[in-house]
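> Structure in structure tokens, see below.
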Amino acid sequence: MNYRLKGSLIKNIASAFMNGLITLTLLLIAPLGLASVITNTIAISISTFVVTMAFDVVALWLQQSPYLDRPLEREFSQKLRENHPNLKRRDD
Numbered sequence: 016m017n018y019r020l021k022g023s024l025i026k027n028i029a030s031a032f033m034n035g036l037i038t039l040t041l042l043l044i045a046p047l048g049l050a051s052v053i054t055n056t057i058a059i060s061i062s063t064f065v066v067t068m069a070f071d072v073v074a075l076w077l078q079q080s081p082y083l084d085r086p087l088e089r090e091f092s093q094k095l096r097e098n099h100p101n102l103k104r105r106d107d
């Protein structure tokens, strides 16, 4: 397993766990049934994990892009036009 993927997996599991723990704490205060509290906590933990993994995949894809350093290189690859030699520069 790739070290970057392993680190990302551990970070995302910890993030989902902490988000679920905060959600559980907040929902236990509210007057809801235990089944709805557990269901909402699990749903939020899973959605947090999925979203953070998706963001890590997008970030990895962007980091491997060959155009990361110069994204507009193709549009501006032409040489700049020089000014007409008969025009004088105005220095007021």
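Counting from 16, one number per residue, gives the positions in the sequence shown under the numbering used here.
Even glycine gets a Cβ: it sits at the ideal position worked out from N, Cα and C.
Quantities reported herein were computed from a predicted structural model and do not represent experimental measurements.
(1) If we ignore side chains and look at the alpha-carbon of each, how far apart do asparagine 27 and isoleucine 53 end up?
(2) How would you call serine 60, buried or exposed, if buried means at least 16 neighbouring beta carbons within 10 angstroms?
(3) Specify whether the stretch 42–52 and the stretch 18–27 touch according to this definition: at least 3 beta carbon pairs, one from each stretch, less than 8 Å apart.
(4) Sort Leu75, Asn55 and Tyr18 by Cα distance to asparagine 34 and report the nearest one.
Answer, in terms of the structure:
(1) Here the question's residue 27 lines up with position 12 in the sequence shown. Here the question's residue 53 lines up with position 38 in the sequence shown. Going from the Cα of asparagine 27 to the Cα of isoleucine 53 covers about 20 Å.
(2) Looking up residue 60 in the sequence shown gives position 45. So serine 60 ends up on the buried side.
(3) no
(4) The sequence position of residue 34 within the sequence shown is 19, counting from 1. That would be Asn55, whose Cα lies nearest to the Cα of asparagine 34.
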